[in-house]
Each structure stands twice: as C-alpha cells, then as structure tokens.
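Following: one structure in structure tokens, then a few remarks.
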Amino acid sequence: MKKLLSPAFAKDSTRLVLSVALTFVGLLLVTFLIGRVVPIDPLLAAVGDRAPAEVYERVRVELGLDKPLWQQFWIYMVKVVQGDFGRSVLTSNVVLDDILRVFPATLELATLATLLGVSLGVPFGVIAAVNQGRWPDQLARVIGLLGYSVPVFWLGLMGLLLFYAKLGWVAGPGRVSVAFDDYVTPITGVILFDSAVQGEWEAFGDAFRHLILPAGVLGYFSLAYISRMTRSFMIEQLRQEYIVTARVKGLSEARVIWRHALGNVMVPLITVIALSYGNLLEGTVLTETVFAWPGLGLYITNSLLSADMNAVLGGTIMVGIVFIGINLLSDVLYRFVDPRAK
Amino acid sequence: MTTAAHTPEGWREWLNAAAPRSRAQARLGQAYQSWRGFRRNPLAIVGLCIILGLLLVAALAPVLTNQSPFAQELAERLRAPDGEHWFGMDELGRDIFTRIIYGARITLMIVVLVAIIVAPVGLIVGTTAGYFGGWFDVVLMRVTDIFLAFPRLILALAFVSALGPGIENAVIAIALTAWPPYARIARAETLTIRNADFISAARMSGASSLRILFSHVIPLCLSSVIVRVTLDMAGIILIAAGLGFLGLGAQPPSPEWGAMIASGRKFLLDQWWVATLPGLAICTVSLGFNLLGDGLRDVLDPKQQ
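Protein chains in written order, with numbering that gives the first Met the number 0: chain U, 0 to 341; chain D, 0 to 304.
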C-alpha cells in the first residue's frame with residue numbers, strides 16, 4: 000500500500016495513464032481514417048443510388064459529413080467512448096451488442112490456449128535451458144521454429160484432418176454439437192463455465208471436445224513463443240552467482256532450478272505471457288474461420304467479406320482495446336511483482 | 000587497387016589482411032569473415048538453400064513444368080497424386096504441382112515488395128527520429144507505439160477492408176503494418192552512435208546533417224535492419240497467406256498458396272492433398288527464412304557475440 004501512495008509511483012502512473020489514453024486516441028484515429036478512405040460512399044449506401052440530390056444533401060448534413068474532418072473525428076471519438084459503433088449492415092444489430100455476444104467465445108478459446116501454452120511452455124523452456132545444447136534443447140528449438148513458420152489456419156486444417164476425421168478423438172467445427180445448441184442457459188457466454196455451474200456435464204463434455212482442438216492449435220503457437228523466451232531467461236539466470244551459492248549451500252538441484260532460478264524468471268515471463276495472449280487474438284481470426292468458431296475473429300472476417308464497415312471497425316477497436324488492456328495489465332503486474340521496479 | 004588480389008593463392012590473405020589498403024578490401028574482408036561464421040552454422044545453410052531454392056523455382060517455373068497453372072481438365076478434377084501429377088489435381092482439374100511452382104513467384108513478389116517498401120521507410124523514419132530527437136522523435140515514436148498496439152493481422156485486415164481485396168492492396172496493407180519495428184530498431188541504433196566521436200568529427204569538418212545521416216548513420220544501422228527483414232519475411236509470408244486464405248489477398252484463379260488452401264478446405268476430408276500440399280510449401284519457405292535470419296543474426300549482430 001505504501002508503494003501506491005509514494006509520489007514517484009503516482010507520477011509514473013499518471014504517465015502510464017496518459018500514454019494509454021494517447022495510444023487509444025491514435026487507435027481511434029487510425030480506424031476513423033480507414034473508415035474515411037473506404038471506396039464505398041457511406042452516403043450512397045444509406046440513401047441508395049436513386050435518391051434525389053436534396054435527399055442526398057439532407058442525409059449528408061444529418062450524418063455530419065458536411066463538417067470539417069477534425070470535427071467528424073471528434074464526434075466519432077465521443078460516440079466510440081459511449082460504446083456507439085453504429086449498426087451492422089449484415090446482422091442489422093447494434094455493433095456493440097454483436098461484439099458482446101461473440102466475445103465470450105473468443106475469450107474462452109484464447110484463455111484455454113494460453114493456459115495450455117503456459118503450463119507446457121514454461122516447464123519445457125526450463126528443461127531446455129538446463130540441458131542446453133543436448134536433445135531436449137534441440138527439440139525445443141525445432142518446436143519453436145515450427146511455431147514461427149507454420150500457418151495457423153493450415154495447422155488447424157491438419158488437426159481437423161487427423162484428430163477429427165481420421166482418429167475421431169475430438170468433435171468437428173463449431174462450438175457445440177447441434178443437439179446441444181441453446182441447451183445451456185447463457186450466464187457469462189463462456190460455455191465451459193456456464194455448463195459447469197449448472198451441472199450440465201454432458202454439455203460440458205461436448206463443448207470441451209469442440210474446444211480442445213482449436214485451443215490446442217492456438218496453444219501450440221503460444222507454447223512455441225513462451226518456451227523460447229523461458230529458455231533464454233533461464234539461461235541468463237543459471238549463470239548468476241546466487242545459483243552457485245545455492246548449490247554450494249547444498250540445496251537440491253531441483254530446488255535451485257525450479258524455485259530459485261524460475262522464481263526470478265517469473266517477473267519477465269509475465270510480460271511474455273501477456274504478449275502471447277495478445278498475439279493469440281490475432282491467431283483467433285484465422286483459427287475461428289477454420290473451426291467455424293462463433294467468436295470475434297469470425298465476426299470480423301464475415302463482416303469484412305460483406306464490406307460491413309461499422310462491424311469491422313468496431314471489432315478492430317475492440318481487439319485494440321483488449322490488446323492495450325493486456326499490455327497495461329502486464330505493466331501494472333510487473334510493477335507490483337518486481338521489487339526493483341519503482 | 001592492390002596487386003596481391005590477382006594472384007590465385009593470395010586472395011584469402013588479401014581478404015584476411017589485418018590492415019586493408021582500400022575501402023573495398025576492408026568491406027570484402029568483413030563480408031568474408033561473416034561468411035566464414037555463417038558457414039559454421041548448418042541450420043543457417045539449410046535456410047540459405049531453401050531460399051535459393053525458392054528463387055530458382057520462381058525463376059525457372061516454365062522450365063520445371065510444362066503445364067499452365069490455369070489450364071483446367073475438368074474430367075480429371077480432384078485426381079489423387081500419382082506418377083503423372085505428383086501433387087494431384089484441384090477442384091477445377093488444375094495440376095497442383097504446377098500451381099505451387101507458380102505460387103512461388105507470387106510469394107517472392109509479396110515478400111520483396113513489402114521489404115523494399117518497409118525497410119527504407121523504417122530506416123529513414125527511425126534514423127531521423129533518433130538523430131534529431133526532440134518533439135519530432137516523440138511524435139514518431141508515438142505513431143509507432145499506436146501501430147504496435149494492434150495485432151498486425153487485424154490491422155492489415157482493417158486496411159484491406161478499406162482498400163478492397165487484391166494482392167496489391169494486401170502488399171500495401173502488410174507494409175503499412177510492418178514498418179514500425181524497423182523504425183524502432185533504426186532509432187535505437189542511431190541513439191547509440193549519434194554522440195560518437197566520429198559523428199562529431201564529421202560534423203566539425205562541415206558535413207551536413209543529411210550527409211551524416213546517409214553516409215554515417217544509415218550504413219551502421221543496415222545490418223540490424225537486414226537481420227530483422229530476414230526474420231520478418233516468415234511473418235510477412237504467413238500474413239499474406241492468411242489474407243489469401245480469408246479471400247482478401249490474391250484473388251482466384253491466382254495460384255497463391257493461402258488461397259489454394261482455402262479452396263482445398265472444402266475437400267479436406269476426402270481429398271487431403273488439395274489443401275495440405277500448398278501449406279507444406281508455406282511452411283518450408285517460412286522455415287527457410289527463419290533459419291536464414293537466425294544465422295544472419297548470429298554473424299551480423301555484434302551484440303550477440
């Protein structure tokens with residue numbers, strides 16, 4: 000608590016908030032400009048191309064398109080801050096409602112993928128670092144390299160081919176089987192959570208069998224990144240003198256590695272995990288398309304293909320907000336966990 | 000010029016000379032040392048071979064196959080791989096092997112176009128910001144911050160949605176999202192050298208800022224930018240393929256690998272080869288760029304040594 004009250008911390012926090020706010024305005028500026036340069040005339044889309052000139056002119060004033068650009072941007076910004084992204088042409092719903100409806104599906108997918116990536120990637124990175132140059136290290140290197148080289152949508156397709164079509168271990172595309180459509184009353188929209196809370200274990204199992212493959216595919220990319228970073232952090236730590244001291248004291252090797260060295264690595268790892276979570280949002284766009292997963296990524300691509308700009312830009316802003324939020328969170332966590340960061 | 004270079008057994012000593020007598024000799028000697036370091040890394044050599052292979056395949060496409068990537072034989076649609084059609088046929092009876100070979104040209108074109116747009120822009124923005132500092136630096140770094148606050152693919156998607164689908168627009172969209180890290184790297188490098196004595200010496204002898212930037216600062220930033228470009232190539236290929244897969248990049252009937260996977264997706268369960276083989280091509284090429292980039296980083300990045 001003392002940390003929170005210190006003037007240095009307050010000054011730092013102000014700077015942090017300011018920089019986040021600035022980034023957010025920049026994000027809006029970019030999406031605003033993208034919306035401006037669309038080749039489709041938003042007016043023609045609204046009034047139709049048969050509308051007489053006076054109607055066209057009236058709608059132009061109504062939509063505020065006669066105002067100078069900076070004023071239009073200001074109006075746009077105020078609207079977005081109020082959560083008004085306009086209406087989607089494709090679903091004819093308010094974009095914010097659409098986004099809130101599809102977002103839990105993406106959240107569920109990205110979270111399970113990150114859990115998989117962290118729980119496998121961290122131990123894997125540690126083992127690779129301890130056995131530097133030997134086969135576990137080479138294996139980690141190959142897995143990491145493949146993670147940077149394989150297209151996520153292709154890996155998803157191959158996963159479907161192998162685990163769904165050939166082996167039948169997992170369920171196919173979609174979030175649940177047809178039999179379980181609208182079976183679980185949504186509370187949070189995260190099906191695994193909702194079904195578990197309501198004791199619908201059959202629905203839970205079905206949802207899990209649908210989720211595990213896309214989450215595994217995404218988790219692989221997160222594993223590749225996290226294990227690579229864990230490895231390099233660990234190698235740096237294992238060279239430090241306190242490790243020698245710990246060994247000389249007679250601590251078991253397991254304790255030296257998993258407690259002393261890994262304990263110090265956890266701080267920079269927070270940033271890495273946050274970054275990989277953010278990157279997964281990108282992966283979800285393609286993964287959701289492959290697995291017909293009704294989340295934010297699929298929403299954005301479907302809207303894109305039907306030139307539904309309000310929905311595309313709303314979705315983009317949403318991803319941007321989550322991305323900025325995750326970075327901010329990791330920054331704050333970092334300050335709290337690392338005693339040296341003031 | 001030196002005369003030692005002309006004797007056949009003298010060239011190695013000439014390259015390794017401790018006191019090079021000309022600028023060209025010093026540069027070539029440096030390059031030779033880097034190559035010797037690079038040669039020791041077998042994975043980097045594999046990467047180099049893959050990329051050279053890609054260049055060869057793209058250049059010799061009409062020699063490697065006598066078919067057209069667009070010729071359709073509807074009677075043979077979805078034919079399984081065999082001795083005559085190594086990779087089988089797609090849903091319109093086009094030879095997949097031929098299409099993958101011609102697809103190498105598209106991939107290469109995307110990568111080269113993005114690199115020649117992005118590297119100079121990032122280099123100039125980053126070095127100017129780092130060299131002049133002040134509000135100019137603050138503004139430029141804020142702009143890169145904003146771009147880095149987006150996942151790249153999503154930003155590229157938003158740009159493509161504004162520009163319309165197509166391969167040229169995909170290149171523009173990828174370039175628009177790819178330049179900020181280059182500006183960051185170039186700026187960081189510039190900051191470390193801008194107060195160096197040799198820069199002061201150049202300034203004292205009357206060199207203009209422009210001259211200092213172009214003949215002293217930018218050459219020193221080049222190697223980190225080159226390493227970054229090579230490592231970035233794989234990412235660029237993956238994003239371009241992703242756009243193609245979503246139907247927003249190269250348009251049919253273009254034999255772009257991502258678009259080929261998308262069209263093969265419908266037949267995945269029964270005709271696996273249509274979607275699988277273009278994906279293997281993407282994997283191979285991006286793996287090649289990653290291996291090459293890793294190898295180059297080891298020899299070109301002095302901070303690693």
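For every residue, glycine included, the Cβ atom is placed at its ideal position computed from N, Cα and C.
The beta-carbon distance between D/A128 and D/M140, rounded to whole angstroms, is 6 Å. This is short enough to meet the 8 Å contact definition. Along the region 1-43 of chain D, the alpha helix (DSSP H) occurs as fully enclosed runs of 4 or more residues at 10-15, 22-38, listed in sequence order. If you compare the alpha carbons of U/L115, U/N263, U/L64 with that of U/L222, the shortest gap goes to U/L115. By the neighbour-count criterion, in which 16 or more other beta carbons inside 10 Å mark a residue as buried, D/I115 falls on the exposed side.
At a Cβ-Cβ threshold of 9 Å, D/L237 and U/S226 do not count as neighbours.
The Cβ of U/V216 sits no closer than 9 Å to any Cβ of chain D.
With respect to the C-alpha of U/T90, the residue from U/D307, U/M317, U/V129 having the closest C-alpha is U/D307. Secondary structure at U/D83: coil, using DSSP grouped into helix, strand and coil. Here the region 101-108 of chain D lies against the region 56-73 of chain D, with 3 or more beta-carbon pairs under 8 Å apart. Every alpha helix (DSSP H) stretch that sits fully inside the region 122-188 of chain D and reaches 4 residues is listed by chain position as 133-147, 151-162. Partner residues in the beta bridge of D/M88, as assigned by DSSP, are D/D94. Distance from U/V101 to U/P293 at the Cβ level is roughly 6 Å; contact confirmed, criterion being Cβ atoms closer than 8 Å. Contact between U/L210 and U/E107 holds: their C-beta atoms lie close to 7 Å from each other, under 8 Å.
Between U/F162 and U/V169, the C-beta gap is smaller than 9 Å, which places the two residues in contact. Distance check between D/V228 and each of D/E72, D/P119, D/G36, D/P68 places D/P119 closest, using alpha-carbon atoms only. Within 10 angstroms of the beta-carbon of U/Q81 lie fewer than 16 other beta-carbons, which makes it exposed.
Under the DSSP definition of a beta bridge, D/V284 lacks any partner.
Under the Cβ criterion of 9 Å, U/L159 is counted among the residues facing chain D. Take U/P103, set aside five residues on each side of it, and the residues of its chain with a beta-carbon closer than 7 Å to its own are T187, G188, V189, in chain order. At least one CB of chain D lies nearer than 9 Å to the CB of U/V149. Our two residues, U/R49 and U/F72, have alpha carbons roughly 29 Å apart in a direct line. From the beta-carbon of D/L286, the residues of chain U found nearer than 9 Å are L144, L145, Y147, S148, V149. Close to U/N263, with beta-carbon spacing below 7 Å, lies no residue of chain D; the smallest spacing is near 22 Å. With respect to the C-alpha of U/L154, the residue from U/L285, U/V336, U/G313 having the closest C-alpha is U/L285.
Under DSSP, U/V264 forms no beta bridge with any residue.
Judged by DSSP in its simplified three-state form, U/V149 adopts coil rather than helix or strand. Using beta-carbon distances, U/V331 does not count as an interface residue toward chain D, since no partner is under 9 Å.
Within chain D, the residues G246 have their CB atoms less than 7 Å from the CB of U/L304, given in chain order. Assignment of U/V93 by DSSP, reduced to helix, strand and coil, places it in the strand class. Any Cβ of chain D closer than 9 Å to the Cβ of U/I225 would place that residue at the interface, and such an atom is absent. In the structure shown, D/Q270 adopts coil according to DSSP, grouped into three states. Among the CB atoms of chain U, one or more fall inside 9 Å of the CB of D/R264. For U/V141, the closest alpha carbon among the candidates U/R208, U/S176, U/F220 is that of U/F220. Within the same chain, V311 come within 7 Å of U/L303 by CB-CB distance, once the 5 residues on both sides are set aside.
DSSP places D/P68 in the coil class of the three-state scheme, outside both helix and strand.
Under the three-state reduction of DSSP, U/L312 is assigned to helix.
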